[in-house]
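In this note's numbering, the protein residues as written are 41 to 365.
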């Protein structure tokens, strides 16, 4: 590809788009000076180069951009070389000139497309497959992509199950799941929710039910049978309904019919903590965040404590409630 060869010769040119070819940056003259240029491919496929001719203007531009150029060019040449020789430019989807982020596509065995980001402003690689970014100083783009492909291959069956859950069950959390989030919290009844933890190292998910204690105990006792009752030939709904012996609400179930918000702070999620501490009174069944309930009980004079367990009154119904601090 003509523009690939161009980038190879001029590594200080930063692409805005690859098709049509647009780039902005610098080239070095035979005298060793850097000159600012802008490239825009015309409809005839030729390069239209706008050169800043004023020496003073070039010097001012170089001074203002020096730190940015040094940071970008540290790894830019290597990235261009890898795209040219190993990765392939057909995998590059875009380059954001403002943020200096290149986006590449990655497909898993099931045909799902994943995004890989090359951040030249922060010198890191990241993707929607993994939660943490990786420094360019510790690995090359080619190796990073190989690692992601291996992880995708390992997670295909887990993602199949999670996609099934997302499309057929009433998922409460996370509201906008990312591929590295291998868990779901679903609605079971108006008083019960279930946490489904999916792991590629297990042939079955881990299932935990939250709700009023008297009705949750038998449900969690059934959930322990997931190891023997879970069948890979059945859908997620069929498996969970068989294990819990109940009918799950549909994916369009109205979330307002479920008690989700903490009775102290009135939020569903607080610092990544869900309201999973529920009043034992079946009539009340008000959920609380553990942190919120602990703080509430510690502020009351009639609360008793034994080791790390607090015994007090429910903020809603006044019934007995306990929580580990």
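Cβ atoms here follow ideal geometry from the backbone N, Cα and C, with glycine treated the same way.
Does DSSP put residue i in a helix, in a strand, or in coil?
| i | result |
| --- | --- |
| residue 66 | strand |
| residue 362 | strand |
| residue 349 | strand |
| residue 35 | Missing from the structure shown is residue 35; the chain here goes from 41 to 365 and no further. |
| residue 356 | coil |
| residue 332 | helix |
| residue 317 | strand |
| residue 308 | coil |
| residue 133 | strand |
| residue 119 | helix |
| residue 211 | strand |
| residue 54 | strand |
Report all residues from its chain with a CB closer than 7 Å to the CB of residue i; omit the five preceding and five following residues, and keep chain order.
| i | result |
| --- | --- |
| residue 221 | 214 |
| residue 236 | 205, 223, 224, 226, 245 and 247 |
| residue 282 | 269 |
| residue 276 | 201, 204, 205, 208 and 209 |
| residue 151 | none |
| residue 287 | 281 |
| residue 271 | 279 |
| residue 257 | none |
Thinking C-alpha only, which one of the options is nearest residue i?
| i | options | result |
| --- | --- | --- |
| residue 223 | 332, 238, 258 and 287 | 238 |
| residue 267 | 120, 52 and 243 | 243 |
| residue 191 | 265, 359, 280 and 146 | 146 |
| residue 342 | 65, 362 and 331 | 362 |
| residue 319 | 311, 330, 313 and 310 | 330 |
| residue 167 | 360, 144 and 326 | 144 |
| residue 229 | 252, 52 and 219 | 252 |
| residue 358 | 189, 65, 321 and 334 | 321 |
| residue 347 | 254, 327, 316 and 365 | 365 |
| residue 231 | 298, 193 and 78 | 298 |
| residue 157 | 134, 115 and 148 | 134 |
| residue 131 | 196, 154, 250 and 285 | 154 |
| residue 338 | 355, 62 and 136 | 355 |
| residue 334 | 350, 63 and 256 | 350 |
| residue 300 | 262, 250 and 278 | 250 |
| residue 273 | 63, 197, 149 and 114 | 197 |
| residue 115 | 138, 256 and 54 | 54 |
| residue 255 | 240, 233 and 265 | 233 |
| residue 194 | 216, 129 and 241 | 241 |
Leaving out the 5 sequence neighbours to the left and right, which residues in its chain are closer than 6 Å to residue i when beta-carbon positions are compared?
| i | result |
| --- | --- |
| residue 159 | 141 |
| residue 211 | 224 and 226 |
| residue 171 | 220 |
| residue 314 | none |
| residue 360 | none |
| residue 161 | 140 |
| residue 90 | Residue confidence is low: residue 90 scores 43 on pLDDT, short of 50, so the model does not pin down where it sits. No coordinate-derived value is stated. |
| residue 305 | 332 |
| residue 148 | 192 and 196 |
Suppose the cutoff is 8 Å on Cβ atoms and the five residues either side in sequence are ignored; what does the same chain contact list for residue i look like?
| i | result |
| --- | --- |
| residue 340 | 352 and 353 |
| residue 310 | 302, 329, 331 and 332 |
| residue 177 | 163 |
| residue 174 | 164, 165, 166 and 184 |
Less than 8 Å between CB atoms is the rule here; does residue i satisfy it with respect to chain B?
| i | result |
| --- | --- |
| residue 275 | Among the chains of the structure shown, chain B does not appear; only one protein chain is present. |
Q | Segments assigned beta strand (DSSP E), at least 3 residues, entirely inside the region 213–296 | A | 223–227, 233–237 and 246–250
| said: Using 8 Å as the cut-off, can you tell me whether the region 180–188 makes contact with the region 113–123, which would need three or more C-beta pairs spanning the two stretches below that distance? | reply: yes
In chain order, what are the residue ranges of uninterrupted beta strand (DSSP E) at least 3 long that sit wholly in the region 141–208? 141–147, 153–159 and 164–167
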